[in-house]
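**Student:** Pasting a structure below so you can have a look.
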Amino acid sequence: MNRFELTHTNDQSFTIRDNVFNETFHSLSGAISESMYVFIQNGLQLFHSSSHLNIFEMGFGTGLNALLTYLKKPKDQYIYYESIDLYPITHNFFKPLFSIFQNDEQTTYKKMLYAPWNESSQIDEMFLLKKIQADFLQYTFHQSFDLIYYDAFCPKTQPQLWSEEMMRKIYNALSPNGILVTYASSGIVKTNLRNTGFHVKRLPALPPKKHMIRAQKS
Numbered sequence: 004m005n006r007f008e009l010t011h012t013n014d015q016s017f018t019i020r021d022n023v024f025n026e027t028f029h030s031l032s033g034a035i036s037e038s039m040y041v042f043i044q045n046g047l048q049l050f051h052s053s054s055h056l057n058i059f060e061m062g063f064g065t066g067l068n069a070l071l072t073y074l075k076k077p078k079d080q081y082i083y084y085e086s087i088d089l090y091p092i093t094h095n096f097f098k099p100l101f102s103i104f105q106n107d108e109q110t111t112y113k114k115m116l117y118a119p120w121n122e123s124s125q126i127d128e129m130f131l132l133k134k135i136q137a138d139f140l141q142y143t144f145h146q147s148f149d150l151i152y153y154d155a156f157c158p159k160t161q162p163q164l165w166s167e168e169m170m171r172k173i174y175n176a177l178s179p180n181g182i183l184v185t186y187a188s189s190g191i192v193k194t195n196l197r198n199t200g201f202h203v204k205r206l207p208a209l210p211p212k213k214h215m216i217r218a219q220k221s
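Residue numbering for the sequence shown follows our numbering, beginning at 4 and increasing consecutively.
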């Protein structure tokens, strides 16, 4: 059995199914739609006036969140984007993933997908990407971040990644008033975030989900 499997979503974009965890990287209702709503609209766009932004992503996956961040950020905003993934997808999935994009968007996506792991890659003069292949449970942050995209598999599948200990690690890594956004909204996630010190706001989600979470460092 192959670990990864390419899967269409309802907005014609692709996602990946992890056959070990029996989970898809994105909602089957639409990979781009979900990423745009959860991470861009409810995360990145809150920082539109910032000239410099440090973003950390839990779960690089297909690189879609990184690409959409690049495409939707203000042109004069500098972003340092760090993302961690223990099991990166293999190169044979790259071509279909970037094939739905055109011209400059495709060129940028290729740069991100083919960028080496555990090194910094200058995508352009205003976007620095660092992909880290490591286990987040063992990872130590080396700087602070303004915005965290928490895109791990769901709490039922990987409960250890949603524990109070991990939420505290994230809290400590955020800048003052920093923000975490995630598609998850279960009671245990909200409880662990609040116990750590976050101000938690439950927001409407895209169907078929009902809610998502945005949490701010108090």
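All residues carry an ideal CB built from backbone N, CA and C; glycine is no exception.
Predicted model only: the values in this text are computed from it and were never measured.
#1: Taking DSSP as the reference, what is the three-state secondary structure of Tyr142?
#2: Reducing DSSP to helix, strand and coil, say where Asp21 ends up.
#3: For Pro211, which of helix, strand or coil comes out of DSSP?
#4: According to DSSP, simplified to helix, strand and coil, what is Met129?
#5: Taking the alpha helix (DSSP H) that Asn198 falls in, what are its first and last residues?
#6: What is the DSSP secondary structure of Glu60, reduced to helix, strand or coil?
#7: Grouping DSSP H, G and I as helix and E and B as strand, with all else coil, what is Arg205?
#8: If you measure between the beta carbons of Tyr83 and Asn57, is that distance less than 9 Å?
#9: DSSP puts Ala218 in a beta bridge; with which residues?
#10: Between which two residues does the beta strand (DSSP E) holding Leu67 run?
#11: Please list the terminal residues of the continuous beta strand (DSSP E) segment that includes Ser86.
#12: For a test of the three-state rule: what should DSSP assign to Leu164, helix, strand or coil?
#13: Suppose the cutoff is 8 Å on Cβ atoms and the five residues either side in sequence are ignored; what does the same chain contact list for Gly181 look like?
#14: Just tell me which of Ala155, Ile173 and Gln163 has its CA closest to the CA of Ala187.
**Tutor:** Reading it off the structure:
#1: Working through the sequence shown from its first residue, we reach residue 142 at position 139. DSSP places Tyr142 in the coil class of the three-state scheme, outside both helix and strand.
#2: For the purposes of this step, residue 21 is taken as the residue at position 18 of the sequence shown. Correct three-state label for Asp21: strand.
#3: The residue given as residue 211 occupies position 208 in the sequence shown. Note: Pro211 maps to coil in three-state DSSP.
#4: Position 126 of the sequence shown, counted from the first residue, corresponds to residue 129. Coil.
#5: Here residue 198 refers to the residue found at position 195 when the sequence shown is read from its first residue. First-last of the alpha helix (DSSP H) with Asn198: Gly190 to Thr199.
#6: Translated into the one-based positions of the sequence shown, residue 60 becomes position 57. Note: Glu60 maps to strand in three-state DSSP.
#7: Translated into positions along the sequence shown, residue 205 becomes position 202. Correct three-state label for Arg205: strand.
#8: Here residue 83 refers to the residue found at position 80 of the sequence shown. Here residue 57 refers to the residue found at position 54 of the sequence shown. Cβ atoms of Tyr83 and Asn57: closer than 9 Å.
#9: In the sequence shown, counting from the first residue as 1, residue 218 sits at position 215. In DSSP, Ala218 forms a bridge with Leu183 and Val203.
#10: Reading the sequence shown from its first residue, position 64 is the one you call residue 67. DSSP places Leu67 outside any beta strand (DSSP E); the residue lies instead in the alpha helix (DSSP H), whose first and last residues are Leu67 to Lys75.
#11: By one-based count along the sequence shown, residue 86 stands at place 83. First-last of the beta strand (DSSP E) with Ser86: Tyr81 to Ile87.
#12: The sequence position of residue 164 within the sequence shown is 161, counting from 1. Reduced to three states, the DSSP call for Leu164 is helix.
#13: Locating residue 181 in the sequence shown gives position 178, where the first residue counts as 1. For Gly181, where only same-chain residues beyond five positions count, the Cβ hits under 8 Å are Ser147, Phe148, Asp149, Leu150, Ile151, Gln219 and Lys220.
#14: In the sequence shown, residue 187 corresponds to position 184, counting from 1. Comparing Cα-Cα distances from Ala187 to each of Ala155, Ile173 and Gln163, the minimum goes to Ala155.
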